[in-house]
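Participant: Here it is: the structure, laid out below.
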Amino acid sequence: MTGAILGAGDLTADVEERCDVCVIGSGAGGAVLAAGLVERGLSVVMLEEGGHHTKREFDLQEGTAYPMLYQDRGTRATADLAITILQGRAVGGTTVVNWTTCFRTPARILEHWRSRHGVEGLDEPTLAPHFAAVEERLSIREWPEALANANNRVLLDGCRKLGWDVGALRRNVKGCANSGYCGMGCPIDAKQSMLVTYVPDAVERGLRLYADTRAERIETKGDRAVAVHGVVLDPATGRPNGRRVRVLPKVVVSSGGAINGPALLLRSGLDRNGRVGKRTFLHPVVAMAAIFDEPVRAFYGAPQSIGSHQFIDRGPEKVGFFLETPPLHPMLAATAFKLFGAGHQAFMAQLPHIGVLIALSVDGLLDRDEGGTVSLRGDGRVRVDYPVGPHLAESFRASSLAMARVQLAAGARRILSLHQTPVEVTSEADLQRLERAPFGALEHAIFTAHQMGGCAMGADPATSVVNARLQHHHVPNLFVVDGSVFPTALGVNPSETIYALAHWARDHVAAAV
Amino acid sequence: MPISRRNVLRYGLGGALILAAGGTGLALQATAPREARGPLQVLDARTYAILAAVADRIAPARDGFPPASELQVAEKIDALLASSDPALGAEMKQVLHLLENALAGFVFDGRVRPFTQLPASEQDEVLRAWQHSRLHVRRTAYAALHGLCAAAYYASPAIYARVGYPGPPDFGNVAVRP
């Protein structure tokens, strides 16, 4: 096959494609997998509902980037709107807009998956060569501490003063200008996203990628997946334009991520044990804003380059968390701060002096923590529900206190929580106010940038969706290769785990053809 | 016996039911009109006027900040809804009807005038009551209104100077948009 990326403008008639493998989704999972499959001489067709956007369109304005590059035009959220869901939607998936932080999967998580979820064969030695390969291709390296922006220095200096664990993060960048716009599409292709690495690698070897094309349904006959039915979307409205893409593959791979992937399986009637969309994990994020006398300019500089895992393990009955930093551009800051009118404007007027820390809670590790649920609404739209239970609320409180301590140690003049009525902290004595504040859904801003689970891998077909080789328990020529297969959250940013899992899965998928 | 606010809370009416009540009796009430700049795609004249009124309380003219209406916040939200799933636009209209509706406002809060007919300080009280409401559907509605209005307002380059943001660097590779 001749490789190509085709968008709605190229698709003037209905299309039918026969191929070895149809991969649905072009993000961290689908792109790495597809590149490996074409390298093995297989014919591969990929469907991607997002558009093919390149650096020429990345004008670094939030008003352009979020509607163009994020799910639901930047408005995706849980059904109660308590949790804002930042998730990419483009050729390259979330890797086009993520903040570049890369970690190998922690050994304790792999061991937890083995002992609690029966995931055999996914250990550090098995994955090591796959991590090495993606690290090489994506230029994953430590970002020098000396280049950290002032917002990341708050985390570094504050943790050091407190004697807490802290260190430089690794990023998938090459020739990074340290500008701070990872979340809006890299303007100079320095970020080694799928858009500029594995996707073009695969197209060069024959991948046919249909952009603006949503996979509506996987058709099965008995226990075989036989076709994938796609509809072409009008890029201006996001609605079907009447054209269809029908793929007849030998093997189907769902790589649509932890929300759209389970939704596709549900629409396709592929939920034979009631587990699809269950155990959805989000690394729910709470944040604290600190105002400094000196300018911080958290809108500039690599957004995320320092992290702390001081509180990752808080004992058997507690949800652990880790600390990182976000970029702070006007729109993102304004939506996170819940006041309106004069109070909101007074906060926004201090933007250059505001530093923000985020705490990501590690969900899914406690025995009774089932996380959230992906389901379908009556009209077929995807729905995400995520209850904030007492253990998570306790982690929100503890992590907010930890962030405030870091900010005080780093010299913040004034610290504000993102509660409906912000809690103000100016000294250690004020921390008790934060202790007493309400934590939970719709009490304060909550975000997620890490969607995981919903098609969990595991040994038991009654409690999981795919086996430990990512193969569907009931439909053997269907694989799931993305973050939805994680049985729990990771406790680290998930992109590199997805890259490596997809790299490892290439042989299993190829063998099924 | 009329349903008191307390009873409604105790009965824990579902969000959908409360939203559906948003239209009850609304036809008899007058919404303070506003003129949209340009044709509307999803909102109608009434829901536009309600949204524009909300936006001007979330981002009022004050201390060097232009009012949301000057930055065409409601028009921008209309355009966003036009490129989103139609269900989103329908839900947004329901929320705006519920906010405007004096009848629903009377049942829950004892207010007798539509939102758009209230003085600014009372509009702020209504928004604050929704933000802190014991009814989750009202908190959710506040989240939707706040999120969309704050996003449309602060994504406007016209506001960058006022918040001390010099704007993005120019890498010279992006065609200037109309």
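From first to last, the protein sequence lines stand for chains A and B. With positions in the first sequence counted from 1, the corresponding number in the numbering used here is that position plus 204. With positions in the second sequence counted from 1, the corresponding number in the numbering used here is that position plus 17. Glycine included, each C-beta is placed from N, C-alpha and C at the ideal position.
Comparing alpha-carbon positions, which option in A/Asp276, A/Ala606, A/Asp214 and A/Ile495 lies nearest A/Ile463?
Facilitator: Taking the first sequence and counting its residues from 1, the one referred to as residue 463 of chain A is at position 259. Closest by alpha carbon: A/Asp276.
Participant: Could you tell me whether the Cβ of B/Val180 comes closer than 8 angstroms to any Cβ of chain A?
Facilitator: Against the second sequence, residue 180 of chain B aligns to sequence position 163. Taking Cβ atoms only, chain A reaches closer than 8 angstroms to B/Val180, which makes this a yes.
Participant: Taking the C-alpha atoms as reference points, what is the distance between B/Tyr171 and A/Val500?
Facilitator: Your numbering for residue 171 of chain B matches position 154 in the second sequence. Your numbering for residue 500 of chain A matches position 296 in the first sequence. Approximately 19 angstroms between the Cα atoms of the pair.
Participant: Residues of chain B with a CB under 8 angstroms from the CB of A/Gly296: which are they?
Facilitator: What you label residue 296 of chain A is simply residue 92 of the first sequence in a count that begins at 1. Under the 8 angstroms cutoff, chain B gives no residues; its nearest Cβ is about 17 angstroms from A/Gly296.
Participant: Report the rounded CA-to-CA distance for A/Ala286 versus A/Val592, giving the unit in angstroms.
Facilitator: For the purposes of this step, residue 286 of chain A is taken as the residue at position 82 of the first sequence. For the purposes of this step, residue 592 of chain A is taken as the residue at position 388 of the first sequence. Using only the alpha carbons, I get a separation of about 9 angstroms.
Participant: Check this for me: beta carbons of A/Ala294 and A/Gly254, under 8 angstroms apart or not?
Facilitator: Numbered from its first residue, the first sequence carries residue 294 of chain A at position 90. Numbered from its first residue, the first sequence carries residue 254 of chain A at position 50. Yes, they are a contact pair.
Participant: From the beta carbon of A/Ala546, is the nearest beta carbon of chain B less than 8 angstroms away?
Facilitator: As a working note, residue 546 of chain A is residue 342 in the first sequence. Yes, A/Ala546 lies at the interface with chain B (some Cβ there is under 8 angstroms from its Cβ).
Participant: When the Cα atoms are used, what is the spatial distance from B/Val90 to A/Pro391?
Facilitator: Here residue 90 of chain B is taken as the residue at index 73 of the second sequence, counted from 1. Here residue 391 of chain A is taken as the residue at index 187 of the first sequence, counted from 1. About 27 angstroms.
Participant: Taking A/Leu241 as the reference, which of A/Trp347, A/Arg320 and A/Ala406 has the closest Cα?
Facilitator: As a position in the first sequence, residue 241 of chain A is number 37, starting the count at 1. Answer by Cα proximity: A/Ala406.
Participant: Can you tell me whether A/Arg572 is buried or exposed, with buried defined as 16 or more other CB within 10 angstroms of its CB?
Facilitator: Indexing the first sequence from 1 puts residue 572 of chain A at position 368. It is exposed - the Cβ of A/Arg572 has fewer than 16 other Cβ atoms within 10 Å.
Participant: Around the C-beta of A/Asp427, are 16 or more other C-beta atoms found within 10 angstroms, so that it is buried, or is it exposed?
Facilitator: Counting from one through the first sequence, the residue named residue 427 of chain A turns up at place 223. A/Asp427 is exposed by the Cβ-count criterion.
Participant: Hey, B/Val180 and A/Met552 are a contact pair by Cβ (cut 8 angstroms); roughly how many whole angstroms apart?
Facilitator: As a position in the second sequence, residue 180 of chain B is number 163, starting the count at 1. As a position in the first sequence, residue 552 of chain A is number 348, starting the count at 1. Right, the Cβ-Cβ distance comes to about 5 angstroms (below 8 angstroms), so this counts as a contact.
Participant: Residues bridged to A/Gln675 by DSSP?
Facilitator: Residue 675 of chain A sits at position 471 when you count from the first residue of the first sequence. Per DSSP, A/Phe683.
Participant: At a Cβ threshold of 8 angstroms, is A/Glu266 touching chain B?
Facilitator: Here residue 266 of chain A refers to the residue found at position 62 when the first sequence is read from its first residue. Yes, A/Glu266 counts as interfacial toward chain B.
Participant: Is B/Ala172 close to chain A? Criterion is C-beta to C-beta, closer than 8 angstroms.
Facilitator: For this step, residue 172 of chain B is matched to residue 155 along the second sequence. Closer than 8 angstroms: yes.
Participant: Is any beta-carbon of chain B found at less than 8 angstroms from that of A/Ala440?
Facilitator: As a position in the first sequence, residue 440 of chain A is number 236, starting the count at 1. Taking Cβ atoms only, chain B reaches closer than 8 angstroms to A/Ala440, which makes this a yes.
Participant: Can you list the alpha helix (DSSP H) stretches of 4 or more residues lying completely in the region 78-166 of chain B, in chain order?
Facilitator: Fully enclosed alpha helix (DSSP H) runs of 4 or longer: 90-99, 103-117, 119-126 and 137-148.
Participant: So with CB distances below 8 angstroms, who are the chain B contacts of A/Phe503?
Facilitator: Looking up residue 503 of chain A in the first sequence gives position 299. Chain B residues near A/Phe503: Tyr182.
Participant: Pull out every residue of the region 303-316 of chain A whose Cβ sits closer than 7 angstroms to any Cβ of chain B, in chain order.
Facilitator: So the list is empty, because no residue satisfies the distance condition.
Participant: Residues in its own chain within less than 6 angstroms of A/Glu420 by CB, not counting five upstream and five downstream?
Facilitator: As a position in the first sequence, residue 420 of chain A is number 216, starting the count at 1. The residues are His433 and Val435.
Participant: Tell me, which residues are paired with A/Tyr414 by DSSP?
Facilitator: Along the first sequence, one-based indexing puts residue 414 of chain A at 210. Partner(s): A/Leu210 and A/Leu251.
Participant: Residues bridged to A/Ala493 by DSSP?
Facilitator: Residue mapping note: residue 493 of chain A aligns to position 289 of the first sequence, counting from 1. Bridge partners of A/Ala493: A/Val560 and A/Leu620.
Participant: B/Glu52 lies in the alpha helix (DSSP H); which residues open and close that run?
Facilitator: As a position in the second sequence, residue 52 of chain B is number 35, starting the count at 1. Segment: none, B/Glu52 is in no alpha helix (DSSP H) and carries neither H nor E.
Participant: State the start and end residues of the unbroken alpha helix (DSSP H) segment that holds A/Ser699.
Facilitator: Position 495 of the first sequence, counted from the first residue, corresponds to residue 699 of chain A. From DSSP, the alpha helix (DSSP H) with A/Ser699 extends over Ser699 to Ala715.
Participant: Let me make sure I understand the geometry here. Which of A/Leu331, A/Pro531 and A/Ala649 has the alpha-carbon closest to that of B/Pro3?
Facilitator: Here chain B covers residues 18 to 195 and nothing more, so residue 3 of chain B does not appear.
Participant: Can you give me the start and stop residues for the beta strand (DSSP E) that A/Lys454 sits inside?
Facilitator: Residue 454 of chain A sits at position 250 when you count from the first residue of the first sequence. Counting along the chain, the beta strand (DSSP E) containing A/Lys454 begins and ends at Pro444 to Ser458.
Participant: Can you tell me the Cβ-Cβ gap for A/Gly559 and A/Val300, rounded? I've got them flagged as a contact below 8 angstroms.
Facilitator: As a first step, residue 559 of chain A must be located in the first sequence, where it is residue number 355. As a first step, residue 300 of chain A must be located in the first sequence, where it is residue number 96. Rounded, the Cβ-Cβ distance is 26 angstroms, inconsistent with contact.
Participant: Check whether the Cβ atoms of A/Val627 and A/Ala641 lie closer than 8 angstroms to each other.
Facilitator: Taking the first residue of the first sequence as position 1, residue 627 of chain A is located at position 423. Taking the first residue of the first sequence as position 1, residue 641 of chain A is located at position 437. Contact: yes.
Participant: Ordered along the chain, which non-local residues of its own chain (more than five positions away) have a Cβ less than 7 angstroms from that of B/Gly81?
Facilitator: The count along the second sequence starts at 1 and reaches residue 81 of chain B at position 64. Result list for B/Gly81: Arg179, in chain order.
Participant: Say whether chain A places a C-beta atom closer than 8 angstroms to the C-beta of B/Gly106.
Facilitator: In the second sequence, counting from the first residue as 1, residue 106 of chain B sits at position 89. Closer than 8 angstroms: no.
Participant: How would you list, in chain order, the residues of chain B whose beta-carbon sits under 9 angstroms from the beta-carbon of A/Ser383?
Facilitator: One-based indexing of the first sequence puts residue 383 of chain A at position 179. The contacting residues are Pro185, Pro186 and Phe188.
Participant: Per DSSP, what are the beta-bridge partners of A/Leu468 in this structure?
Facilitator: Along the first sequence, read from residue 1 onward, the residue named residue 468 of chain A stands at position 264. Per DSSP, none; premise fails for A/Leu468.
Participant: Would you mind reading off the limits of the alpha helix (DSSP H) that contains A/Asp361?
Facilitator: Taking the first sequence and counting its residues from 1, the one referred to as residue 361 of chain A is at position 157. Where A/Asp361 is concerned, the enclosing alpha helix (DSSP H) stretches over Ala354 to Leu366.
Participant: Measuring CB to CB, does A/Ala613 end up less than 8 angstroms from A/Gly296?
Facilitator: In the first sequence, the residue the question calls residue 613 of chain A occupies position 409. In the first sequence, the residue the question calls residue 296 of chain A occupies position 92. For A/Ala613 and A/Gly296, no; Cβs fall outside 8 angstroms.
Participant: If you draw a straight line from the alpha carbon of A/Glu521 to that of A/Ser599, how long is it in whole angstroms?
Facilitator: Within the first sequence, residue 521 of chain A is the residue found at index 317, counting from 1. Within the first sequence, residue 599 of chain A is the residue found at index 395, counting from 1. Straight-line Cα distance between these residues: approximately 11 angstroms.
Participant: Grab the span of the alpha helix (DSSP H) containing A/Ala540 for me, first residue to last.
Facilitator: Here residue 540 of chain A refers to the residue found at position 336 when the first sequence is read from its first residue. Taken as a continuous stretch (DSSP letters only), the alpha helix (DSSP H) holding A/Ala540 covers Pro534 to Ala540.
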